[in-house]
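One structure below.
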Amino acid sequence: MAARGVNIRIENLSHRYSSKSPVTFDRVNIAAEPGESLVIIGRSGCGKSTLLHIVAGLLPPTNGTLLLDNVQVRAPSSRWVMMFQAPHLFPWMTVTRNVGIGLHFAGWPKKEMQERVAEAIRLVNLEDYANSNVQDLSGGQQQRVALARSLVMEPELLLLDEPFSALDAFTRTALQRDVRSIAKQLGINLMMVTHDIDEAVLMADRALVMAGSPGRIVHDLPVDLDDPREREDPLVQSTRAHLMQIFQDAAKPSPIRRNAAEATTRLVGIT
Amino acid sequence: MNTNAAHTAVVVDAALSESTRAMKSAGRRMFNWVAGLSILLALWWFGAYLIEINPSTRHFADFGPVPTFQAFPVLWADGTIQSAVSASGYRLGVGLLIAIAVGIPIGILMGRSRTFRELSNSPFQLLRMISPLSWEPIAVIVFLSWNHAIIFLIAIASIWPVAFSTAAGLAKVDPAWFKVSRNLGAKPWHTLTQIILPAIAFDILTGIRAALGVAWIVLVPAEFLGVTSGLGYSIEDARETLSYNHLTAMVLVIGVIGYMLDSTCALAIKRFSWHRGAV
Ligand SMILES: Nc1ncnc2c1ncn2[C@@H]1O[C@H](COP(=O)(O)OP(=O)(O)O)[C@@H](O)[C@H]1O
Ligand SMILES: [Mg+2]
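Protein chains in written order, with the numbering used here: chain A, 11 to 281; chain P, 1069 to 1347.
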C-alpha cells in the first residue's frame, strides 16, 4: 500500500457542544509533520474524543483553524479515518465485507477492492478469518478488523480514540506494537488518544498532555526512542516517569512546577 | 496405548453422539408435528361422527373429514380452488405490497425523526385500533370497485405492524454504526441500503409476518360481500348452495395456505437475521 502522511496544523481550535454547555476545550494548538505519531493523554472528560471527532470531520469546530495539508477539514474523508474505542463492526457482514465497506462506499470496482481488502486483512494477520462471521471473533480480533477497515482506505492520518482500552493486556501490547509499526511502514500520521501513560510512551513520537476544564494542551513531550519499544527498557521507563510527572503537575497546576516542566518540554504551537 | 489415538477416538465419539443427538431431536420434532396434526384430524372426525349419529344434525354430516377430502378432486377439477386462490392471492399480495411500501418508510421516519414520531404517535395509535373491517363501508363508497376496496382493507390492516416493527427495530440500532459509516464515507443511499435495512431486516420481516397474519384474517370476511371470486366468496357460495363438504374443503385450503405463508415468513426471518440466538 502506498501512502504518505499529512501536514497537520491546528490553530486556536475551540469547541462547545451548544451555547448552553460549557466550553469543551479552548484554543488548542497542534502542529505535526507528515509521518509523525502524536499521542494525546489526559483525564477523561477533558475533551480528547471531541477533538478527535473534529479532526476526523465528524463534528464541526466552534472556532479556530484545522488544516490538513493546508486544506480546511469540513467532512469525513478517506484521507483521515477514525478508529473508535469499540470495534463497531457490522454483524451482518463477514470480515471481508466489513473491511471492504469503505471502498464499496467509494465505488471501487470489485476486483481491485478484493485485492486491497485481502492485503489489509493480511496486514492485521487475520487471513484465516477472512470469511468468518465477525460475531465469532474475540475482542482483539474484532479490533483488528476495525483497524483493517480503517487502513484499507489508505488514510494519510489515522485517528485512534482509546482503541485498545477494552482489550486484555496481552492483545493490547501486540496491537500497540503492530499499529505503530504499520504506521511507520506506511509513513502515515497517527493521532491517538489514551489515558494510559505506558501506551503513550510506547506509541508516540510526541506525547501531548491535555488538561483542565475547558481542556487545553499543556505540554508537548518529544519521545525519541528506538523501535521496537519494550516496556522494561530503562529508557522507556525513565520517559514514562518523566511523562507521569508532567501529567500529575498538569492535574494540580502550581505555577512554579509548571514553569519547571516547561523548561524541559516544548510548548505547543511554537513549532 | 497411544494417547493420541485414544484422544481421536474420543473426539470422533463426541462428534458421532452430537450428530446422533441432532438427528434424534429432528426425528422427535417431525413425529410431534405429524402427531399434532393427527390429533386435530381425529378430533374433527370424532365431532363429525357425533353429528352423524344424532338424527337431528345428520344432514350436516358433510362437514366431516371423509366428505371433505372427497370434495377436493371435484373442486380442483372444476377450477374452484385455483381461481379462488389466485383471486384472493392477488388482493392479498397487492395489499401487502402497498403496506410494505408505505409502512417501511413511515417506520424509518418514526425511528429517525423525533418530531415525526411525536407528531404521528397518537394519530397512528388511534388509526391502528380501528378494526380494519369497520373501514369496509367507507372503502366501498370511496373505491369504485369492491376489488379495490378489499385491497385497501388489507393494506390498512397490515401497514401498522410493518411500520411499528420497523420503528422499533430502528430504535435498537447502535448509533455508532451511523458514525462509523459516515466516517468511512457513506452517502445517505449507502446508509439506507448497507446499514439501516440489513440492521433491521429481522424487525421488518417480523412486522411483515404479523401483517400477513392480520391480512389473512381480514381477507376472508372482506370477500363475503360484493365480490364473486376469492376464498371468502367460495365459502359463502358453498354455504348458500348447502354444499357443506365444499365449504369445509375451502376452509381447509385457507388454513393450509395461511400456514404455508407464515412458515415462509419464518424461514425468511431466520435467513435474514444476524442476531445470535434469535428465532
Ligand atoms: N454529545 C455531547 N453533548 C454534550 N456534551 C458532551 C457530548 N459529548 C461529550 N460531552 C462533554 O464534553 C466533555 C468532553 O468529552 P469527551 O471529548 O468525550 O472527553 P474525553 O474523551 O477526554 O473523555 C465532557 O464533559 C462530556 O460530558
Ligand atoms: Mg473519550
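The beta-carbon is built from N, C-alpha and C at its ideal position, and this holds for glycine as well.
In this text, all values refer to a predicted model and were calculated from it rather than measured experimentally.
What does residue i reach in chain A if we use C-beta pairs closer than 9 Å?
{"i": "Q1262 (chain P)", "result": "F100, M103, I111, H114, F115"}
Answer yes or no: the CB of residue i versus the heavy atoms of ligand 2, is any distance below 8 Å?
{"i": "S54 (chain A)", "result": "yes"}
{"i": "E209 (chain A)", "result": "no"}
{"i": "D171 (chain A)", "result": "yes"}
{"i": "V203 (chain A)", "result": "yes"}
Going along chain P in order, which residues have a C-beta closer than 8 Å to the C-beta of residue i?
{"i": "A158 (chain A)", "result": "The premise fails here: A158 (chain A) is roughly 12 Å from chain P at the closest Cβ pair, so nothing lies under 8 Å."}
{"i": "A128 (chain A)", "result": "Chain P residues near A128 (chain A): none, gap ~18 Å exceeds 8 Å."}
{"i": "V91 (chain A)", "result": "N1251, L1252"}
{"i": "A96 (chain A)", "result": "A1244"}
{"i": "Q145 (chain A)", "result": "W1342, R1344"}
Is it right to say residue i is buried, meaning 16 or more other beta carbons lie within 10 angstroms of its own, or is it exposed?
{"i": "M1091 (chain P)", "result": "exposed"}
{"i": "S1106 (chain P)", "result": "exposed"}
{"i": "P173 (chain A)", "result": "buried"}
{"i": "R159 (chain A)", "result": "buried"}
{"i": "E46 (chain A)", "result": "buried"}
{"i": "T1316 (chain P)", "result": "buried"}
{"i": "G1197 (chain P)", "result": "Per the sequence presented here, residue 1197 (chain P) reads as Met, with Gly not at that position. With fewer than 16 Cβ atoms within 10 Å of its Cβ, M1197 (chain P) is classed as exposed."}
{"i": "D237 (chain A)", "result": "exposed"}
{"i": "A1225 (chain P)", "result": "buried"}
{"i": "K30 (chain A)", "result": "exposed"}
{"i": "I1268 (chain P)", "result": "buried"}
{"i": "R190 (chain A)", "result": "buried"}
{"i": "E122 (chain A)", "result": "exposed"}
Examine ligand 1 and report whether any of its heavy atoms sits within less than 8 Å of the Cβ of residue i.
{"i": "K58 (chain A)", "result": "yes"}
{"i": "S175 (chain A)", "result": "no"}
{"i": "T72 (chain A)", "result": "no"}
{"i": "G45 (chain A)", "result": "no"}
{"i": "V81 (chain A)", "result": "no"}
{"i": "G1326 (chain P)", "result": "no"}
{"i": "M220 (chain A)", "result": "yes"}
Compute the beta-carbon to beta-carbon distance between residue i and residue j, rounded to the nearest angstrom, for a pair I have assumed lies under 8 Å.
{"i": "M163 (chain A)", "j": "L1252 (chain P)", "result": "7 Å"}
{"i": "F1137 (chain P)", "j": "Y1312 (chain P)", "result": "That pair is no contact at about 13 Å."}
{"i": "V246 (chain A)", "j": "V211 (chain A)", "result": "6 Å"}
{"i": "L169 (chain A)", "j": "V65 (chain A)", "result": "6 Å"}
{"i": "S1302 (chain P)", "j": "M1318 (chain P)", "result": "5 Å"}
{"i": "H256 (chain A)", "j": "V233 (chain A)", "result": "Sequence check: residue 256 (chain A) is Ile here, not His. Actually they are not in contact, since the Cβ atoms of I256 (chain A) and V233 (chain A) sit about 12 Å apart, beyond 8 Å."}
{"i": "L253 (chain A)", "j": "I207 (chain A)", "result": "6 Å"}
{"i": "L1238 (chain P)", "j": "G1175 (chain P)", "result": "7 Å"}
{"i": "S88 (chain A)", "j": "A128 (chain A)", "result": "No, S88 (chain A) and A128 (chain A) are not in contact; Cβ-Cβ is about 18 Å, not under 8 Å."}
Beta-carbon of residue i versus every beta-carbon of chain A: anything under 9 Å?
{"i": "P1266 (chain P)", "result": "yes"}
{"i": "N1313 (chain P)", "result": "no"}
{"i": "A1236 (chain P)", "result": "no"}
{"i": "W1203 (chain P)", "result": "no"}
{"i": "K1255 (chain P)", "result": "yes"}
{"i": "A1239 (chain P)", "result": "no"}
{"i": "R1339 (chain P)", "result": "no"}
{"i": "A1283 (chain P)", "result": "no"}
{"i": "A1269 (chain P)", "result": "yes"}
Does the CB of residue i have a neighbour CB from chain P at under 9 Å?
{"i": "S88 (chain A)", "result": "yes"}
{"i": "M163 (chain A)", "result": "yes"}
{"i": "N17 (chain A)", "result": "no"}
Return yes when at least one heavy atom of ligand 3 lies under 8 Å from the C-beta of residue i, else no.
{"i": "V105 (chain A)", "result": "Because ligand 3 does not appear in the structure shown, any question about it cannot be addressed here, the ligands present being ligand 1 and ligand 2."}
What in chain A is Cβ-close to residue i, meaning under 7 Å?
{"i": "L1335 (chain P)", "result": "Ordered by position in chain A, no residue passes the 7 Å Cβ test against L1335 (chain P), which lies about 17 Å from the chain."}
{"i": "K1247 (chain P)", "result": "L68"}
{"i": "W1342 (chain P)", "result": "P101, W102"}
Please compile the residues from chain A whose C-beta is within a distance smaller than 8 Å of the C-beta of residue i.
{"i": "R1250 (chain P)", "result": "L68, P86"}
{"i": "H1258 (chain P)", "result": "H114, F115"}
Under 7 Å Cβ-Cβ, which residues of chain P neighbour residue i?
{"i": "A210 (chain A)", "result": "Neighbours of A210 (chain A) on chain P: none; closest Cβ ~24 Å, over 7 Å."}
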